[in-house]
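Trainee: Okay, so the sequence shown: first residue is 1 according to the UniProt record's numbering, each after it adds one.
For glycine and all other residues, C-beta sits at the position ideal for the given N, C-alpha and C.
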Amino acid sequence: MAVGSQDLTPTELRGFEDDRLVDELRKAKEELFNLRFQSATGQLDSHGRLRAVRKDIARIYTEMRERELGIGVKGAAK
Numbered sequence: 001m002a003v004g005s006q007d008l009t010p011t012e013l014r015g016f017e018d019d020r021l022v023d024e025l026r027k028a029k030e031e032l033f034n035l036r037f038q039s040a041t042g043q044l045d046s047h048g049r050l051r052a053v054r055k056d057i058a059r060i061y062t063e064m065r066e067r068e069l070g071i072g073v074k075g076a077a078k
């Protein structure tokens, strides 16, 4: 399930073992899977939620990348 340019698993990012972002990402990916299934079977009434979940996943990946790179993190070395 590709999101953005790459779909990275949380284990591919350092320092995210027991992190809220990992849990958010897991839940969002699960919801995206369910929404895609509903869309494919004609059960999805509105595609607004599908777009929102995709944006949420992109936000989570961006936040993970920024944290990994030390961008925008309080107390990070500049």
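#1: If you measure between the beta carbons of Q38 and L44, is that distance less than 7 Å?
#2: In the DSSP assignment, find the alpha helix (DSSP H) that holds D56 and state where it starts and stops.
#3: Identify the continuous alpha helix (DSSP H) that holds Q43 and give its terminal residues.
#4: Note down the Cα distance separating A28 from R36, rounded to an integer number of angstroms.
Mentor: Reading it off the structure:
#1: Within the sequence shown, residue 38 is the residue found at index 38, counting from 1. Within the sequence shown, residue 44 is the residue found at index 44, counting from 1. The answer is yes: Cβ separation under 7 Å.
#2: Start at 1 with the first residue of the sequence shown, and residue 56 comes out as number 56. Note, D56: alpha helix (DSSP H), G48 to L69.
#3: By 1-based counting over the sequence shown, the position of residue 43 is 43. Run containing Q43: none; DSSP gives neither H nor E here.
#4: Here the question's residue 28 lines up with position 28 in the sequence shown. Here the question's residue 36 lines up with position 36 in the sequence shown. So the two alpha carbons sit approximately 12 Å from each other.
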